[in-house]
Each structure stands twice: as structure tokens, then as C-alpha cells.
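In C-alpha cells form, the structure reads like this:
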């Protein structure tokens with residue numbers, strides 16, 4: 003039975019990979035930068051998106067897909083900024099998959115989008131196995147979670163281009179060494195970039211917005227080459 | 003293919019249930035209280051166990067099984083208290099299952115154990131689907147994670163007898179209402195008990211130890227009835 007299970011899992015992941023590759027081609031052709039945000043529950047994905055949407059110039063055409071097992075709370079929090087926001091409620095599934103993304107954007111014209119954030123289900127394990135056609139995965143780690151997480155959950159840190167180390171305003175109150183956390187992340191993935199942020203004090207948000215801007219520009223330029 | 007996948011998932015869960023039922027019978031016959039601790043990564047499961055092992059009288063015969071995807075860090079942290087500790091490294095699997103528990107305790111004499119803590123993989127979603135033969139599931143939520151978590155991850159709050167609301171020493175620094183979190187937990191599971199704790203200030207640890215003591219006594223008395 004274990005062999006059957008592995009075969010089925012492989013089929014599911016292959017099917018996911020096929021849809022993700024198709025999504026990636028579409029995103030690249032439209033010049034839309036797609037970022038897949040992954041973290042534990044409560045690391046501040048939605049808060050980071052709130053700060054981001056509040057700061058982005060209205061000329062940047064942005065959308066958010068936000069995944070949760072239950073509730074539409076996150077979509078409600080994000081809708082007030084006037085950008086396109088859609089909730090994906092998985093009903094129990096512990097991750098988003100490429101088919102869910104394909105369905106959610108079915109009625110959208112990607113040519114009208116510069117930037118699409120996908121806020122995954124809060125889970126540091128399962129979402130790392132599912133390609134959503136994104137240009138990059140971003141892992142968010144809050145300083146309250148402990149500096150050992152990149153070693154204990156290596157897959158998502160290995161696959162992410164950027165680690166956002168969030169809630170740094172709480173550093174005075176928790177036993178957490180930024181140096182050790184960064185060292186652990188780099189040990190798992192030497193090329194990972196790191197940005198420190200706090201959504202309550204706005205610390206580091208300029209660096210984050212600069213990173214985004216640079217990646218949006220790259221996506222646009224790559225599209226020009228494709229066209 | 004989806005039908006095949008569901009059938010395989012059902013078989014896996016049925017097989018897990020069969021082993022879990024056997025484990026539960028063995029735990030009840032030996033009068034061993036088994037608690038399955040589930041939370042997000044970094045909510046403080048290991049810290050709570052450190053405080054607990056430091057406080058428990060040496061006459062209480064305790065063991066810990068601690069689950070992680072990678073590293074033996076948690077077992078190393080817990081071994082210094084002199085109780086029986088074993089690490090289960092899942093190598094990628096996002097939860098513990100009953101077969102892993104069965105294997106881990108194969109060489110143990112359960113009659114020598116009053117209390118077995120199972121520290122699950124840090125994941126608020128998948129572990130809730132796998133019965134490990136425990137007497138009770140306990141969900142740990144830290145106040146840095148947000149008061150909406152019982153609504154967004156209802157399954158584990160519904161299945162847990164107790165919510166330990168941890169890191170309450172950080173309440174002055176985070177936007178978190180204990181009343182709203184408890185209301186959300188009770189809305190998901192009206193019968194859930196709640197204990198507030200801080201492992202850095204020892205707040206609430208007496209209440210937690212009292213809860214444990216009362217449950218250990220119940221397990222022993224139930225065994226007497228069985229015998």
C-alpha cells in the first residue's frame with residue numbers, strides 16, 4: 003500500500019508541476035511578477051501584505067490570492083486597500099496547489115497585473131512541495147519562533163530566494179539571535195537573501211519595497227525580451 | 003485519479019486508526035497517561051516541556067517522544083532533565099503517525115511509565131488528522147500568533163481537550179486579546195479548557211502542573227478499574 007501511496011503522490015505532484023509550468027509561462031508572457039509567501043501560522047504574512055499594499059504606488063497593478071483552511075478574514079483585511087484580492091478557502095487542505103491558482107485567476111486578464119502575491123496556508127512544511135508557477139518563494143520567519151527553524155524545516159528555506167525576518171520590534175523581549183538565525187538559513191541555502199522587518203514600527207519596509215520594485219522591473223524587462 | 007487518492011488516504015487513515023486503537027488499549031492497561039502536543043513551529047512546545055520536566059517530582063515516571071522533520075535539537079534540549087527522551091525524525095513527513103509511535107516505544111516497558119508526552123511536528127494542520135493513541139490532544143497557541151487561529155485552523159482546536167495559551171509575558175508588546183482568543187477557541191470547541199502560561203516568567207505553570215497531576219491520577223485509577 004505504501005508503494006501505491008507513493009505512486010499516487012508522484013502523480014499528484016507531476017500533475018501539479020504540469021499546471022504550474024503552464025501558469026509560469028503565462029505569468030512570464032504577461033510580465034507579471036508572482037511571489038509565493040510561505041510561513042508558520044501567525045508569522046505576519048497578512049500584516050506584511052497590509053504594510054506593502056498601503057505603501058505601493060497606485061500605479062502598480064497588484065493582486066493578492068490569500069489561502070486559508072477556513073475563514074475569509076485575510077481577504078477582508080486586505081480588501082480595504084483597493085487592490086484586487088481573492089480568498090482561496092481550502093476547506094482542510096494544508097497547502098495551495100497550482101490547480102487552485104489556475105481556477106482563482108481564470109477570469110483575470112494577466113496583462114493588467116504587474117505583481118501577484120500568493121499568501122499560502124500557514125504551514126512551514128507542506129506548501130514547500132507545491133510549485134504554484136511563482137517567480138520566487140519567500141519564507142517569512144518571525145523572531146518569536148526561534149532561530150533553529152531553518153535547520154528544522156530545511157525544505158522551505160532551501161527553496162526560498164528571500165527570508166523576511168519579521169517582528170524584529172520584539173527582539174528585546176525574546177531569546178533570539180538574528181546572527182544565528184541568518185547563519186542557520188545560509189547553512190541551509192547559501193544564496194538566500196535576508197530582509198529584517200517590523201510591521202508595527204515599519205522597520206525595514208523600505209528595503210522590502212526596494213526588493214519588490216527591483217523584481218517587478220526584472221519581470222517587465224524579461225517580458226520585453228520574450229515579446 | 004482524485005478518487006484513487008481519496009481511497010489511498012482513507013486506507014492510510016484506517017491503518018493508522020487500527021494501530022492507534024491498539025496503542026490506546028496498551029496505554030490504558032499500563033495506566034500511562036499519553037498527551038499529544040500540537041502547535042505551529044515556535045509556539046513553545048519544547049520550552050513548555052523543559053519547564054514541566056524541571057518541575058515534575060522525580061517519582062513521576064515520565065518519557066518524551068519528540069517529532070521533527072530534521073535535527074535532534076529538541077531531544078538534546080530535553081535529555082538533560084534525566085527522563086527518558088527519544089527523537090523521531092520524520093525526514094520530511096509533516097506529522098507523526100501511530101506506526102512511528104509504535105516503533106519508538108517498542109523496547110519500552112509501559113508499566114514503568116506514568117506519563118508520556120508526544121511532541122508532534124510543528125504544524126497546526128496535518129497532525130490533527132492522525133490519532134496516536136493518546137488520552138488527549140493539547141493545542142499550544144502563542145500570543146504572538148494572533149487570536150484568530152482557532153477559527154482559521156478549527157480542526158485541531160475542535161479535537162483538543164486543552165488549549166495552552168503560551169508566551170503571555172509578551173502580551174504587552176503584541177496586539178492580542180486573550181478574551182477574543184478564548185472566545186474563538188470556545189466557539190470552535192465549547193468544552194475546551196484553557197490555561198495561560200509563560201515559560202520565561204513561570205506564569206501559569208502551577209495550573210498546568212495541577213492539570214497534569216489530575217490527569218495522571220485519573221489514568222492510574224482507570225487502570226485499577228481495568229485490572
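Residue numbers (the working numbering), protein chains in the order written: chain B, 3 to 229; chain H, 3 to 229.
All C-beta atoms, glycine included, are put in the ideal place defined by N, C-alpha and C.
Query: In DSSP terms, what residue 69(H) is bridged to; Result: 90(H)
Query: Closer than 8 angstroms to chain H by CB, residue 42(B); Result: yes
Query: Pair within 8 angstroms by beta-carbon distance, residue 114(B) and residue 60(B); Result: no
Query: CB contact check: residue 206(B) to chain H, cutoff 8 angstroms; Result: no
Query: Rounded straight-line distance, which links the Cα of residue 204(H) to that of residue 219(B); Result: 51 angstroms
Query: Buried or exposed by the 16-neighbour rule on C-beta atoms within 10 Å, applied to residue 33(H); Result: buried
Query: As assigned by DSSP and simplified to three states, the class of residue 23(B); Result: helix
Query: For residue 167(H), the three-state DSSP class (helix, strand or coil); Result: strand
Query: Near-chain B residues of the region 142-161 of chain H - C-beta to any C-beta below 8 angstroms; Result: 144, 146, 147, 148, 150, 151, 153, 154, 155, 156, 157
Query: Whole-angstrom C-beta distance between residue 14(H) and residue 120(H), which should lie under 8 angstroms; Result: So it is not a contact: roughly 19 angstroms between Cβ atoms.
Query: Positions along the region 86-105 of chain H whose CB lies within less than 8 angstroms of some CB in chain B; Result: 94, 96
Query: The beta strand (DSSP E) enclosing residue 197(B), as first and last residue numbers; Result: 195-198
Query: Under 8 angstroms between C-beta atoms of residue 100(B) and residue 88(B); Result: no
Query: Inter-residue CB distance, residue 75(B) and residue 188(H) (contact presumed, cutoff 8 angstroms); Result: Contact flag wrong, Cβ pair sits at about 18 angstroms.
Query: Exposure of residue 149(H), with buried meaning 16 or more beta-carbon neighbours within 10 Å; Result: buried
Query: Min CB distance residue 80(B) to chain H below 8 angstroms; Result: no
Query: Own chain partners of residue 191(H) with C-beta closer than 6 angstroms, once the 5 adjacent residues on each side are dropped; Result: 159, 160
Query: For residue 260(H): DSSP bridge partner residues; Result: Since the first and last residues shown for chain H are 3 and 229, residue 260(H) lies out of range.
Query: For residue 1(H), three-class secondary structure by DSSP; Result: With chain H running from 3 to 229 in the structure shown, residue 1(H) is simply not present.
Query: Where the alpha helix (DSSP H) through residue 173(H) begins and ends; Result: Careful: residue 173(H) lies outside any alpha helix (DSSP H) and carries neither H nor E.
Query: Under 7 angstroms from the C-beta of residue 72(H): neighbouring residues of chain B; Result: 153, 154, 156
Query: Nearest-angstrom Cα separation, counted from residue 49(B) out to residue 215(H); Result: 40 angstroms
Query: Residue 109(B), buried or exposed, once every other Cβ within 10 Å from all chains shown has been counted against 16; Result: exposed
Query: Own chain partners of residue 22(B) with C-beta closer than 7 angstroms, once the 5 adjacent residues on each side are dropped; Result: 100, 133, 134, 135
Query: Under the three-state DSSP convention, the category residue 117(H) falls into; Result: strand
Query: 8 angstroms contact criterion, which residue 196(H) and residue 167(H) should meet: CB distance rounded; Result: 6 angstroms
Query: Under 9 angstroms from the C-beta of residue 169(H): neighbouring residues of chain B; Result: 146, 176
Query: Chain-ordered chain B contacts of residue 140(H) [CB-CB under 9 angstroms]; Result: Within chain B, no residue comes near residue 140(H); the closest Cβ sits about 17 angstroms away, beyond 9 angstroms.
Query: Best match in 95(H), 56(H), 103(H) for proximity to residue 80(H) [C-alpha to C-alpha]; Result: 56(H)
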